[in-house]
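Residue numbers are given in the working numbering: position 263 of the sequence shown equals residue 264, and the series is strictly consecutive.
A virtual CB, placed ideally from N, CA and C, is assigned to each residue, including glycine.
Nothing here was measured: the structure is a model prediction, and the numbers come from that model.
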Amino acid sequence: MDTRTAFILITGKPNVGKSTLLNALLGEKVAIVSSKPQTTRNRITGILTKGNTQYVFIDTPGLHKPKTLLGDYMMKSVGIASADADIVLFMTEAGSVLNQSERKALSGYFASNAAVILLINKIDKVNKGVLAEQMHEVSAQYEFHSIIPVSALNNDGLDIIFREIEPLLIESPHFFADDIATNQPERQIVAEIIREKILRLTEEEVPHGIAVSIEEFKEKKGVILVRAEIFCEKEGHKRIIIGKNGDMLKKIGSYAREDIEKLLGARMYLDLWVKVKENWRDRPALLSNFGYKDDEA
Ligand code: GDP
Ligand code: MG
Numbered sequence: 002m003d004t005r006t007a008f009i010l011i012t013g014k015p016n017v018g019k020s021t022l023l024n025a026l027l028g029e030k031v032a033i034v035s036s037k038p039q040t041t042r043n044r045i046t047g048i049l050t051k052g053n054t055q056y057v058f059i060d061t062p063g064l065h066k067p068k069t070l071l072g073d074y075m076m077k078s079v080g081i082a083s084a085d086a087d088i089v090l091f092m093t094e095a096g097s098v099l100n101q102s103e104r105k106a107l108s109g110y111f112a113s114n115a116a117v118i119l120l121i122n123k124i125d126k127v128n129k130g131v132l133a134e135q136m137h138e139v140s141a142q143y144e145f146h147s148i149i150p151v152s153a154l155n156n157d158g159l160d161i162i163f164r165e166i167e168p169l170l171i172e173s174p175h176f177f178a179d180d181i182a183t184n185q186p187e188r189q190i191v192a193e194i195i196r197e198k199i200l201r202l203t204e205e206e207v208p209h210g211i212a213v214s215i216e217e218f219k220e221k222k223g224v225i226l227v228r229a230e231i232f233c234e235k236e237g238h239k240r241i242i243i244g245k246n247g248d249m250l251k252k253i254g255s256y257a258r259e260d261i262e263k264l265l266g267a268r269m270y271l272d273l274w275v276k277v278k279e280n281w282r283d284r285p286a287l288l289s290n291f292g293y294k295d296d297e298a
């Protein structure tokens, strides 16, 4: 039987909907989704095997200028990822005009060997006339392999993505076992889910200077026991995360547990601790502690 494997990079500016798309394509919660930009800090690889074809998705942190050491790590991971891709799904937002950084990134992707597909996301937010105009404009400017209007949130247009990718696939062995959804270690996914809950539940009050470190991860009689430490940069952030009488932390814990139990298919006990570590974003030793390494292939 012929097998095919496609390496597909999902890219675009922060908040455009990359993680939402990845989750929708996989039908499982793998990448972190937030209404704040740059919450996806690792290259999260989702793997989907349908029939003879294995789709390997790479989610990027998006296009931005690095401001901290952490930003540098993120950019490096984008570079590594794009070099590996056969297909680039470049996402832009419905009703918007391609900005400077999107254009710059696009010229890089067009210079690579990958087929570049433009996804115009969030079509649920604009009317048909606006969308038609936008499609007309971008197709006059760039030679995309195809332009696909989608709504990642509503699962709209996703079948067309698979249909467009199909003819681009070449014979290749599968790189991963056929029954896994991601090559990420479970504990990293658990940490990402906890981080997502913190960012979402605390809304604008806690900035991105938080990290979650899984200190313990074990299984006992079918129950998963996780002890996680949440690091933030300021005492004030710690107070917000814990909340009045520990209410916020309880909420973070119960929302995270719900998602993690669904993902791992097991009951879990989640123990959360909050600690302050100032300026951790600029300390290389701490970064590698949290699993951000720049030598990953
Ligand atoms: P990323 O930074 O590119 O990974 O973006 P996310 O996937 O985290 O999404 C950012 C925000 O856009 C979230 O609030 C999503 O719910 C929202 N979003 C994603 N796709 C759509 C869509 O198709 N329509 C609408 N209305 N919102 C979307
Ligand atoms: Mg994301």
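- Distance from the CA of Gly28 to the CA of Thr21, rounded to the nearest whole angstrom, comes to 10 Å.
- The C-beta separation of Leu271 from Val227 comes to about 5 Å, placing the pair in contact by the 8 Å criterion.
- Rounded to the nearest angstrom, the gap between the Cα atoms of Gly223 and Arg268 is 7 Å.
- Residue range 19-27 is occupied by the alpha helix (DSSP H) that includes Thr21.
- If you check the C-beta of Val131 against the ligand GDP, you find no heavy atom less than 7 Å away.
- A contact is defined here as three or more CB-CB pairs under 8 Å, and the segment 186-199 fails this definition with respect to the segment 157-167.
- Take Asp3, set aside five residues on each side of it, and the residues of its chain with a beta-carbon closer than 7 Å to its own are Asn53, Glu172, in chain order.
- At a Cβ-Cβ threshold of 8 Å, Ile242 and Val213 do not count as neighbours.
- Contact check for His137 against Ile118 fails: the beta carbons are separated by 8 Å or more.
- For Tyr270, the enclosing beta strand (DSSP E) covers residues 268-277.
- Looking at the DSSP output, Gln55 bridges to Thr6, Thr50.
- In the structure shown, Asp87 falls within a coil segment according to DSSP collapsed to helix, strand and coil.
- Taking 3 residues as the shortest admissible run, the segment 92-144 contains the following complete beta strand (DSSP E) segments, listed from N- to C-terminal end: 116-122.
- DSSP places Val191 inside the alpha helix (DSSP H), whose first and last residues are 187-202.
- Secondary structure of Ala212 (DSSP, three-state): strand.
- With 16 or more other CB atoms across the displayed protein chains lying within 10 angstroms of its CB, Gln55 is buried.
- Taken from the Cβ of Gly18, at least one heavy atom of the ligand GDP lies inside 7 Å.
- Asp125 is classed as exposed because its beta carbon has fewer than 16 other beta carbons within 10 Å across all chains shown.
- In the DSSP assignment, Ile149 is bridged to Leu120.
- Excluding sequence positions up to five before and after Leu99, its CB lies within less than 8 Å of the CB of Thr93, Leu107, Val139, Gln142, all in the same chain and listed in chain order.
- Rounded to whole angstroms, the separation of the alpha carbons of Glu259 and Ile9 is 30 Å.
- Distance from Ile121 to Ala7 at the Cβ level is roughly 21 Å; contact not present, criterion being Cβ atoms closer than 8 Å.
- Contact between Leu202 and Lys129 is absent: CB atoms are separated by about 36 Å, not below the 8 Å threshold.
- For Ile162, the enclosing alpha helix (DSSP H) covers residues 159-166.
- For the pair Glu234 and Leu169, the Cα-to-Cα distance works out to about 46 Å.
- If you draw a straight line from the Cα of Gly247 to the Cα of Arg188, it comes to about 24 Å.
- Rounded to whole angstroms, Ser102 and Ile11 show a C-alpha spacing of 16 Å.
- Taken through DSSP and simplified to helix, strand or coil, Glu234 comes out as coil.
- Annotated three-state conformation of Lys222 is coil, per DSSP.
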